[in-house]
Amino acid sequence: MADSPEAIQALIAALVEGYRTTKLVNYVTISGYALVVSDFLHTFPDEVRLMWPAPLSFPKVLFFALRYYIFVNSVFSATYSYPTDLSPEECATGFRRITLSSQMVVIVSEVILFFRVYAFSGKNKRLLVWLVCQFIGMHAVAKVYLLVKYIQSVKFIQFPFTEMLCMPAEVDNKLLSYVFALLLASIVTIMLIMLYLAFMKHKNFNNNLLRVFYRDGIYYFVLLSGFAIANIVVNTASPEGGLKYLFINMEVNLHAILATRMILHLRLWAERDRTAAALGSGSGAVGALDYSADPSTLYGSKSKLLSAINFKNRTVDSSFQSSAGYNAHWN
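Under the UniProt record's numbering, think of the first position of the sequence shown as 1, with each following residue one higher.
Now the structure itself:
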């Protein structure tokens with residue numbers, strides 16, 4: 001019988017275990033908040049110096065949207081994860097809000113990654129068509145469908161105890177695994193495109209900016225694909241309970257942190273190279289804030305760049321000229 005002592009004891013044991021794992025997940029979530037704040041404080045001086053004076057551009061809009069919306073997402077997460085004694089309706093509303101908000105963070109991060117690859121290709125139109133189709137297919141269609149089905153599968157009930165956190169009584173977690181599998185497939189595909197472009201179009205990596213693009217892409221791929229795999233494994237292998245959400249918040253935060261840091265790194269290296277060029281050292285790339293650069297110089301075509309008065313003849317490194325158009329593509 002459903003109300004037998006054994007059934008009641010099993011229900012209580014399940015609630016205790018669910019509460020324990022949910023508390024554990026909440027501790028990990030707090031560490032994610034700390035990571036976001038520490039990253040913001042660490043990079044804020046670079047943001048002020050490199051991003052605030054920059055002319056308005058698509059990457060700049062994406063940067064600031066993602067940079068500050070991650071705090072809004074953290075508020076949504078906290079208002080769902082930590083209050084107790086919420087009604088089932090309040091829990092369901094908070095769950096839907098944080099699920100959709102987290103996906104918005106991931107989507108904007110992926111837009112930055114896709115746009116970055118497009119710039120890395122030299123604004124190749126065929127690649128643009130592929131990237132648009134991939135983004136729409138994976139993120140705007142398949143992932144949205146899976147998320148809607150996932151949210152619809154979640155059910156909250158009123159527990160017969162006080163001081164209880166929001167814990168789904170029913171949820172189809174395999175749908176969430178499919179979402180992370182799609183994300184992993186998207187990241188892997190983008191990384192393969194980056195590798196192709198690196199070896200076919202930029203074989204020599206003869207300037208610092210290209211190296212930064214490639215290096216940051218590797219870091220992005222390794223970290224986020226690792227977390228996507230971890231989320232898939234945890235969702236499929238762990239028992240029912242809050243433990244299935246162990247790494248989700250951390251992955252969402254890393255998407256925002258890595259995507260915004262990639263833009264900052266490009267601006268930082270461009271500033272260093274522009275300074276070196278102004279001093280006449282001739283090493284490095286044209287600044288990312290130099291919007292007048294000629295795109296035709298991306299693949300080594302030589303063009304005449306504006307420069308300061310030369311007091312003596314100097315030899316300009318080829319990497320300086322070859323990167324000018326690359327900056328124009330990205331900005």
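For every residue, glycine included, the Cβ atom is placed at its ideal position computed from N, Cα and C. Being a predicted model, the structure only gives us computed values, none of them experimental.
- Counting every other CB atom within 10 Å of its CB across the protein chains shown gives isoleucine 257 a total of 16 or more, marking it as buried.
- DSSP lists Lys155 as the bridge partner or partners of glutamate 170.
- With respect to the 8 angstroms criterion, leucine 223 and leucine 254 are classified as neighbours on the basis of their beta carbons.
- Annotated three-state conformation of proline 88 is helix, per DSSP.
- In the three-state scheme derived from DSSP, where H, G and I count as helix and E and B as strand, lysine 149 is classed as helix.
- About 7 angstroms separates the beta carbons of leucine 15 and phenylalanine 159, which is inside the 8 angstroms limit, making them a contact pair.
- The beta carbons of methionine 262 and aspartate 216 sit about 5 angstroms from each other, so the pair counts as a contact at 8 angstroms.
- Straight-line spacing of the CA atoms in tryptophan 52 and lysine 244 works out to 40 angstroms.
- Spanning the alpha carbons of leucine 266 and phenylalanine 115 requires a straight line of approximately 14 angstroms.
- In this structure, the CA atom of serine 31 is about 43 angstroms from the CA atom of leucine 279.
- The closest CA to that of phenylalanine 76, considering only Leu86, Ser101, Leu66, Ala54, is found on Ser101.
- For valine 179, the closest of Leu50, Leu147, Thr236, Leu165 by C-alpha to C-alpha distance is Leu147.
- Contact annotation, valine 132 with leucine 66: C-beta distance approximately 20 angstroms; criterion of less than 8 angstroms not satisfied.
- By the C-beta density criterion, aspartate 85 is exposed, having fewer than 16 other C-beta atoms within 10 angstroms.
- Close CB contacts of serine 87 within its chain, under the 8 angstroms cut and outside five residues either way in sequence, are with Gln158 (chain order).
- One Cα belongs to valine 252, the other to threonine 275, and the distance between them is close to 35 angstroms.
- The Cβ neighbour count for threonine 162, taken over all protein chains shown within 10 Å, is under 16; the residue is labelled exposed.
- DSSP places serine 177 in the helix class (H, G or I) of the three-state scheme.
- Between isoleucine 112 and leucine 35 the beta-carbon gap is near 19 angstroms, outside 8 angstroms, which marks them as no contact.
- A straight-line Cα-Cα distance of about 29 angstroms links serine 121 and isoleucine 70.
- Taking the CA atoms as reference points, tyrosine 27 sits about 31 angstroms from methionine 138.
- It is roughly 8 angstroms from the alpha-carbon of alanine 259 to the alpha-carbon of tyrosine 220.
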